[in-house]
Amino acid sequence: DEPTKGLDDARVAQAIAALRQLAAAGRSLLVITHDRRVAEGLDGHLVLIRDGEVVEQGASAEVLAGPASDYARIWLAADPRHWPRCARCCDMGSLALSAHDLAFAWPGQKPLFRDLDLHLPKGGVLAISGPSGCGKSTLGDILLGIRKPIAGSVEWGGVDIVAHPSAIRPLRQRYQKLHQDPVRAFVPHFALGRQFRSLAQIKQGLDIARDLPPLLDRLKVKANLLDRRPGEVSGGEAQRLALARLLLLDPAAIVADEPTSRLDPVVQRETLMLLRDCVAERGLGLLLISHDRAVVAAMADEEIRLGPSVPIAGPPARLNALPLL
């Protein structure tokens with residue numbers, strides 16, 4: 164059941180190879196996945212299900228090469244390798260967030276990273292990639308002031324929050340995190356509408372009745388979902404609602420940590436395209452943490468890849484030519 168969820172590209176390839184070995188040894192495999200790479204790599208019988216009904220099935224190579232159903236075609240088009248690229252509107256002279264000479268290590272261990280510089284421009288998308296356990300989420304927490312580095316600086320609008328941690332609180336609303344599990348970003352027992360209304364207590368000038376409806380329309384979220392609790396909406400709906408809540412706070416930068424890893428390919432594409440549009444429209448900076456190289460290539464202007472040596476930076480197309488770590 165989703166044997167490759169949460170794995171980086173190298174480990175996905177290893178998992179597929181291990182499953183193929185089991186099949187070659189005479190084992191029967193029933194693999195549940197939303198990862199096209201698994202369907203391609205196992206090359207068995209593919210059953211495509213939507214809303215509890217089988218919409219198409221057959222040899223995976225045939226279904227993937229010539230889908231007969233509309234949903235199969237939509238599912239294949241949701242592959243990040245087929246996403247449209249967009250012209251960037253970032254202003255490299257105006258930074259939403261930056262860091263210099265960052266280093267971090269857990270007590271008694273080697274540094275996860277060191278000598279790391281990054282610059283996130285307003286209206287830009289910077290991706291942080293690398294194998295599992297390399298420190299991507301830790302770096303995101305450092306940039307949000309949640310965790311302290313062992314060396315270096317982090318600047319929010321020119322203010323070094325490492326040297327001046329008292330500056331974090333008054334600026335907190337401007338630097339937000341989009342979580343991997345959107346449902347857990349909300350209080351489970353309260354209706355979503357109540358949680359949105361509570362934002363007016365922390366954001367001066369915010370009028371939920373005025374400001375929320377057009378935002379929900381932009382994010383293609385039905386207003387009646389606000390009557391439900393977080394666990395009563397789908398993962399895609401919860402992530403869009405989480406994004407709406409962040410945007411109401413008018414952030415300068417968002418750190419999105421694997422924001423679609425729990426979503427199916429179609430909902431992932433819709434969610435990330437909306438997020439990319441919001442970045443361009445609002446001129447905010449997006450730091451996207453992902454181990455999916457196809458998503459990074461489709462979304463990011465620049466990429467920083469963490470690994471066993473010093474971080475590597477550059478355009479995703481150039482870094483994708485490098486071997487997997």
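If you read the sequence shown in my numbering, its first letter stands for residue 164, the second for the next number, and so on.
We treat Cβ as the ideally placed atom computed from N, Cα and C, and that holds for glycine.
Give me the residue from D380, L447 and T434 with the minimum Cα distance to Q343.
Numbered from 1 along the sequence shown, position 180 holds the residue referred to as residue 343. Nearest option by C-alpha distance: T434.
Could you check what DSSP says for G215 in three-state terms: helix, strand or coil?
For the purposes of this step, residue 215 is identified with residue 52 of the sequence shown, where counting begins at 1. DSSP places G215 in the coil class of the three-state scheme, outside both helix and strand.
Nonlocal neighbours in the same chain, by C-beta distance under 6 Å from E465, ignoring five residues either side:
Indexing the sequence shown from 1 puts residue 465 at position 302. Once the five neighbours on either side are set aside, the close Cβ partners of E465 are L289.
What do you reckon, is the C-beta of R381 under 6 Å from a heavy atom of the ligand SAH?
No copy of the ligand SAH appears in this structure; indeed no ligand is present at all.
Spatial neighbours of L447 in its chain, beta-carbon cut-off 8 Å, leaving aside the 5 residues before and after
Within the sequence shown, numbered from 1, the residue matching residue 447 stands at position 284. Around L447: A259, K285, G286, P414, A415, A416, I417 and C441.
Would you kindly report the start and end of the unbroken beta strand (DSSP E) that includes Q339?
Residue numbering aside, residue 339 sits at position 176 when the sequence shown is read from its first letter. Annotation: the continuous beta strand (DSSP E) that includes Q339 extends over Y338 to L341.
Which residue comes first and which comes last in the beta strand (DSSP E) that contains S292?
Here residue 292 is taken as the residue at index 129 of the sequence shown, counted from 1. For S292, the enclosing beta strand (DSSP E) begins and ends at V288 to S292.
Rounded to whole angstroms, what is the Cα-Cα separation between D323 and A363?
Locating residue 323 in the sequence shown gives position 160, counting from the first residue. Locating residue 363 in the sequence shown gives position 200, counting from the first residue. Straight-line measurement puts the Cα of A363 at about 28 Å from the Cα of D323.
V210 versus R456: straight-line alpha-carbon distance, rounded:
Working through the sequence shown from its first residue, we reach residue 210 at position 47. Working through the sequence shown from its first residue, we reach residue 456 at position 293. The alpha-carbon atoms of V210 and R456 are separated by roughly 26 Å.
Going by the CB atoms, is the gap between I291 and I452 shorter than 7 Å?
Indexing the sequence shown from 1 puts residue 452 at position 289. Indexing the sequence shown from 1 puts residue 291 at position 128. Taking the C-beta atoms as reference points, I291 is found nearer than 7 Å to I452.
Inter-residue spacing [alpha-carbon to alpha-carbon] between D390 and R200:
Start at 1 with the first residue of the sequence shown, and residue 390 comes out as number 227. Start at 1 with the first residue of the sequence shown, and residue 200 comes out as number 37. The straight-line gap from Cα to Cα measures roughly 38 Å.
If the criterion is Cβ atoms closer than 7 Å, does the pair P166 and A180 meet it?
For the purposes of this step, residue 166 is taken as residue 3 along the sequence shown, with counting starting at 1. For the purposes of this step, residue 180 is taken as residue 17 along the sequence shown, with counting starting at 1. Against a cut-off of 7 Å, the Cβ pair of A180 and P166 comes out as no contact.
Reference G394; option with closest CA among L375, F353 and L341:
Here residue 394 corresponds to residue number 231 of the sequence shown, with the count starting at 1. Minimum Cα distance to G394 is reached at F353.
Closest to S191 by C-alpha separation, out of R183, G229 and D198, would be which residue?
For the purposes of this step, residue 191 is taken as the residue at position 28 of the sequence shown. Looking from the CA of S191, the closest CA among R183, G229 and D198 belongs to R183.
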